[in-house]
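Contents: one structure, followed by commentary.
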Amino acid sequence: MPGMTGEFREIVEAHQSLVFSIAYRVLGDRGTAEEVAQDVFLELYRAFDDIASDEHLVAWLRRVAVHRATDALRRRPRILHGAAEFEDWMAKAPNEEGSVPLASEIERLLLELPPAQRAVVLLRYQEDLPPGEIAETLRMPLATVKSHLQRALKAMRARAEDTLREYTRHG
Amino acid sequence: MDEHEDLEHWLREGLRPRQTPAGFSARLMARLPETSPVPSSQTKRWVPAIRWATAVLLLGVAGGSYWQHQQQERVAGERARAQLFLALRMSAATLNDVQHKVLRSTTGDSE
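Going down the list, the sequences are from chains S and R. Take the first sequence: its position 146, counted from the start at 1, is 158 in my numbering, and no numbers get skipped. Take the second sequence: its position 69, counted from the start at 1, is 904 in my numbering, and no numbers get skipped.
Given below as structure tokens:
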């Protein structure tokens, strides 16, 4: 097993952002998201021999990241609606394009959704997966995925209508 | 672009992957030795073969015991049959002796 640590490090570096982003956006808490992301990679390390291909690896990471983050959310329900730490972080950490307000607004809206809807929205718009692949990843019926997606978009639209109209004008 | 497309567009824009905290992979790699690896798939591949071999071995032992039991019963049966034949032969010989004696005494009386 120690002989594979070099290969494993490359995998971590290639996919850490994917895993961390899912955990962070499900949890809304940077510290817990890092713990969850680390646990996901440790689980991968133990199951490494079972990974058959790159596609399998990415699908595995997405699925396990969503499940472990959702489990952590159940253990810590107080972070469900966004902790003060999250708000501070969002204010201090612009992304590469400097679009803090949009990312901040979207992530705030995401945290107001129920966890299952949040996971579906993340896989749809962060990971750009079609509903069929989301159903496979989350092992959820396709009709449920579509229903979560519709409800999530409706809720987000209702909550952010004015804000997003502003982005449309300036975007 | 309608309202629905706007929202989807902004979701894609707003949900670009986040950077991990600095030192993430170093902290992770430092934790690896603590993790005890589960049996690899190579080991797991042997599990069905080992199960089959165990099943075959158990069947062999059970079959052998059954055969041995049958053999013991057969030997015991043969021994009992031999004893029965011996007993019958002895009875026949005794009867013959008795018959001879009876005949002899009957013949002696008539003379």
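Using N, Cα and C, we set each Cβ at its ideal position, and we do this for glycine too. A quick note: this is a predicted structure, and the numbers were derived from the prediction, not measured.
Short check: CB of Tyr137/S to CB of Leu842/R, under 7 Å? No, the Cβ-Cβ distance between Tyr137/S and Leu842/R is not below 7 Å.
Can you look up Leu850/R in the DSSP assignment and give me helix, strand or coil? Secondary structure at Leu850/R: coil, using DSSP grouped into helix, strand and coil.
Leaving out the 5 sequence neighbours to the left and right, which residues in its chain are closer than 6 Å to Ala164/S when beta-carbon positions are compared? Leu125, Gln129, Val133.
Output yes or no for whether 7 Å exceeds the beta carbon distance between Val24/S and Ser860/R. In contact: Val24/S and Ser860/R (Cβ atoms closer than 7 Å).
With DSSP run on the structure shown, which of helix, strand or coil describes Asp41/S? Coil at Asp41/S, not helix or strand.
Look at the alpha carbon of Gly40/S and the alpha carbon of Leu56/S, and state the distance between them as a whole number of angstroms. CA-CA distance, Gly40/S to Leu56/S, rounds to 23 Å.
At a CB-CB cut-off below 8 Å, which residues of chain S make contact with Pro883/R? Contact annotation for Pro883/R against chain S: no contact, minimum CB-CB distance about 16 Å [criterion: below 8 Å].
Spatial distance of Glu139/S from Gln28/S (CA atoms): The alpha-carbon separation between Glu139/S and Gln28/S amounts to approximately 14 Å.
What separation, rounded to the nearest whole angstrom, lies between the Cα atoms of Gln934/R and Ser940/R? Roughly 10 Å separates the two Cα atoms.
Would Ser65/S pass as an interface residue toward chain R - the criterion being a Cβ-Cβ separation below 7 Å? By this cut-off, Ser65/S is not an interface position.
From this set, Asp66/S, Ala167/S, Asp51/S, Arg42/S, which residue's C-alpha is nearest Ala26/S's C-alpha? Nearest C-alpha to Ala26/S: Asp66/S.
Rounded separation between Ser159/S and Arg866/R - CA only: Answer to the nearest angstrom: the Cα atoms are 40 Å apart.
Chain-ordered neighbours of Gln905/R on chain S, where CB pairs are closer than 8 Å: Near Gln905/R there are no residues of chain S at all, since even the closest Cβ is about 48 Å away, more than 8 Å.
Contact criterion: CB-CB distance below 7 Å. Does Glu908/R meet it with respect to chain S? For Glu908/R, the answer is no, since every Cβ of chain S falls outside 7 Å of its Cβ.
Please classify Trp72/S: is it buried, with 16 or more other beta-carbons within 10 angstroms of its beta-carbon, or exposed? Flag for Trp72/S reads buried.
Name, please, each residue of chain R whose Cβ falls closer than 8 Å to the Cβ of Leu54/S. At a beta-carbon threshold of 8 Å, the residues of chain R lying near Leu54/S are Leu863, Arg866, Leu867, Thr870, ordered along the chain.
Kindly give me the distance between the Cβ atoms of Leu69/S and Ile63/S, rounded to whole angstroms, as I take these residues to be in contact under 8 Å. Contact annotation, Leu69/S with Ile63/S: C-beta distance approximately 5 Å; criterion of less than 8 Å satisfied.
Closest to Leu4/S by C-alpha separation, out of Pro143/S, Thr17/S, Ala172/S, would be which residue? Residue 4/S cannot be examined here, being either before or after the span of chain S that is shown, 13 to 183.
In three-state DSSP terms, what is Gly943/R? The three-state secondary structure of Gly943/R, taken from DSSP, is helix.
In chain R, which residues lie less than 7 Å from Ile118/S when you measure between Cβ atoms? Contact of Ile118/S with chain R by beta-carbon distance below 7 Å involves Trp845, Leu846, Gly849, Leu850.
Quick one, are the C-beta atoms of Ile34/S and Val78/S less than 7 Å apart? Taking 7 Å as the cut-off, the Cβ atoms of Ile34/S and Val78/S count as close.
So for Ser116/S, helix, strand or coil by DSSP? Three-state result, Ser116/S: helix.
Quick one: is Val891/R buried, meaning 16 or more other Cβ sit within 10 Å of its Cβ, or exposed? Counting Cβ neighbours within 10 Å, Val891/R comes out exposed, since fewer than 16 surround it.
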